[in-house]
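Take a look at the structure below.
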Amino acid sequence: MLAAKLWLFDIDGTLVDTGGAGMRALQAAAEERFGGSGPELDLAGSTDLGVLAGILSHFDRTHGPEEERAFFACYLRHLENNLARGGYPGRVLPGAVELLESLSRLPGVTVGLLTGNMAGGAAAKMRHFGLDAHFGFGAYGCDHADRNLLGPVALRRAAVHAGREFTADETLVIGDTPKDVACAKAMGARCLAVATGHFTADQLRACGADRVVERLDDPVVLATFA
Ligand SMILES: [Mg+2]
Numbered sequence: 324m325l326a327a328k329l330w331l332f333d334i335d336g337t338l339v340d341t342g343g344a345g346m347r348a349l350q351a352a353a354e355e356r357f358g359g360s361g362p363e364l365d366l367a368g369s370t371d372l373g374v375l376a377g378i379l380s381h382f383d384r385t386h387g388p389e390e391e392r393a394f395f396a397c398y399l400r401h402l403e404n405n406l407a408r409g410g411y412p413g414r415v416l417p418g419a420v421e422l423l424e425s426l427s428r429l430p431g432v433t434v435g436l437l438t439g440n441m442a443g444g445a446a447a448k449m450r451h452f453g454l455d456a457h458f459g460f461g462a463y464g465c466d467h468a469d470r471n472l473l474g475p476v477a478l479r480r481a482a483v484h485a486g487r488e489f490t491a492d493e494t495l496v497i498g499d500t501p502k503d504v505a506c507a508k509a510m511g512a513r514c515l516a517v518a519t520g521h522f523t524a525d526q527l528r529a530c531g532a533d534r535v536v537e538r539l540d541d542p543v544v545l546a547t548f549a
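Numbering (the numbering used here), first residue to last: 324 to 549.
Pasting the structure below:
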């Protein structure tokens, strides 16, 4: 099997758990912009643009670049405030730091983000949890509402970042939801699923992940993909 040269990480449920700080920031932004906390949000594997579309439809508002900018600015302010103020039981998920450190020592390996978070939200979370040094580029939930369209964006940015092209064969998507598995398949990459989010290993296996682990520092990860 071809070694994975490009490792693309999801954030929530895979690298970190914000302990509700992210969810609460989205609801607070909806309250501030539209006067109510909005619909019940299913954030697992969703993109922030997709979440915003659901909120706008709930409030019968039309989606435009102006609203997008205003909503995300408001969300980001609440998110940064929630993370800084504390009160949410956030944490880096088990095994994430160990895997990222192992990858940083492997020659020829490039690491990036492939996440439903909008770029500013991704950066705020990575900074808060001390993981930002590992990530120089990403594809984000403000690039497309459809997560399955983020793979090609990630490949383009990885090429600029690393100064070389990556094929889908050389690419591994790491995530915690069936939507991450679908996103990997949509771009022709392999998928490592990790059961540190809201889905069990059996559920992730059933949707066709190439490997499923309970935590990211399981030795099978590097044995399979490095
Ligand atoms: Mg996730």
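From the three backbone atoms N, C-alpha and C, an ideal C-beta is built for every residue, glycine too.
In this text, all values refer to a predicted model and were calculated from it rather than measured experimentally.
**OP:** Inspect the CB distances between the stretch 435 to 444 and the stretch 387 to 404 and report whether three or more fall short of 8 angstroms.
**Re:** Taking a cut-off of 8 angstroms on C-beta distances, the stretch 435 to 444 touches the stretch 387 to 404, as three or more cross pairs fall below it.
**OP:** Since I believe GLY459 is in contact with THR337 (beta carbons under 8 angstroms), could you give me their beta-carbon distance rounded to a whole number of angstroms?
**Re:** Contact between THR337 and GLY459 fails: their C-beta atoms lie close to 18 angstroms from each other, not under 8 angstroms.
Subject >> Top-ranked residue by Cα proximity to GLY435, from GLY409, GLU389, HIS457, LYS502 >> reply: Out of GLY409, GLU389, HIS457, LYS502, HIS457 has the C-alpha closest to the C-alpha of GLY435.
Original post:
Hey, is THR341 close to ligand 1, as in C-beta under 6 angstroms from one of its heavy atoms?
Top reply: When distances are taken from the beta-carbon of THR341 to the heavy atoms of ligand 1, even the shortest one reaches 6 angstroms or more.
Original post:
What residue range is occupied by the uninterrupted beta strand (DSSP E) comprising ILE314?
Top reply: With the chain represented from 324 up to 549, any question about residue 314 goes unanswered, as that position is not in the structure.
Original post:
Taking only runs of the alpha helix (DSSP H) that begin and end inside the stretch 386 to 436, which ones reach a length of at least 4 residues, in chain order?
Top reply: The stretch 386 to 436 contains these whole alpha helix (DSSP H) runs: 388 to 408, 419 to 427.
Original post:
How about the stretch 382 to 390 and the stretch 499 to 517: do they share at least three Cβ pairs that are nearer than 8 angstroms?
Top reply: Taking 8 angstroms as the limit for Cβ pairs, the verdict is that the stretch 499 to 517 does not touch the stretch 382 to 390.
Subject >> Coarse secondary structure for ASP455, derived from DSSP in three states >> reply: Collapsing the DSSP output to three states places ASP455 in a helix.
Subject >> Any non-hydrogen atom of ligand 1 within 6 angstroms of THR523 CB >> reply: The answer is no for THR523.
**OP:** Using the Cα positions of ASP469 and ALA393, report the straight-line distance between them to the nearest angstrom.
**Re:** Their backbone Cα atoms lie some 21 angstroms apart in a straight line.
Original post:
Does DSSP put CYS506 in a helix, in a strand, or in coil?
Top reply: Of the three classes helix, strand and coil, the one that applies to CYS506 here is helix, per DSSP.
Original post:
Would you call the stretch 448 to 455 and the stretch 521 to 532 touching, i.e. three or more CB-CB distances under 8 angstroms?
Top reply: No contact exists between the stretch 448 to 455 and the stretch 521 to 532.
Original post:
Is GLY461 near ligand 1, in the sense that its beta carbon is under 6 angstroms from a heavy atom of that ligand?
Top reply: Because no heavy atom of ligand 1 lies under 6 angstroms away, the Cβ of GLY461 does not count as near it: no.
Original post:
Would you say the beta carbon of GLY531 comes nearer than 6 angstroms to a heavy atom of ligand 1?
Top reply: GLY531: no, Cβ never under 6 angstroms from ligand 1.
Subject >> Through-space distance from LEU331 to PHE489, alpha-carbon basis >> reply: Cα to Cα, PHE489 sits roughly 12 angstroms from LEU331.
Original post:
How is GLY439 classed by DSSP in three states: helix, strand or coil?
Top reply: Three-state result, GLY439: coil.
Original post:
Looking at C-beta atoms only, is the number of pairs between the stretch 526 to 541 and the stretch 407 to 421 that lie closer than 8 angstroms three or more?
Top reply: These segments touch.
Subject >> Residue range of the unbroken beta strand (DSSP E) whose run includes ALA482 >> reply: Per DSSP, ALA482 belongs to no beta strand (DSSP E); it is in the alpha helix (DSSP H), 473 to 485.
Subject >> Inter-residue Cα distance where the pair is MET346 and LEU375 >> reply: Distance between the alpha carbons of MET346 and LEU375: 12 angstroms.
Original post:
Can you give the Cα-Cα distance for GLY373 and LEU422, rounded to whole angstroms?
Top reply: CA-to-CA, the gap between GLY373 and LEU422 works out to about 30 angstroms.
Original post:
Quick one: what does DSSP say ALA512 is sitting in, helix, strand or coil?
Top reply: Residue state, collapsed to three classes: coil.
Original post:
Can you tell which of THR519, ASP503, GLY520, LEU406 has its C-alpha closest to the C-alpha of ALA512?
Top reply: Of the candidates THR519, ASP503, GLY520, LEU406, the one whose C-alpha sits nearest the C-alpha of ALA512 is ASP503.
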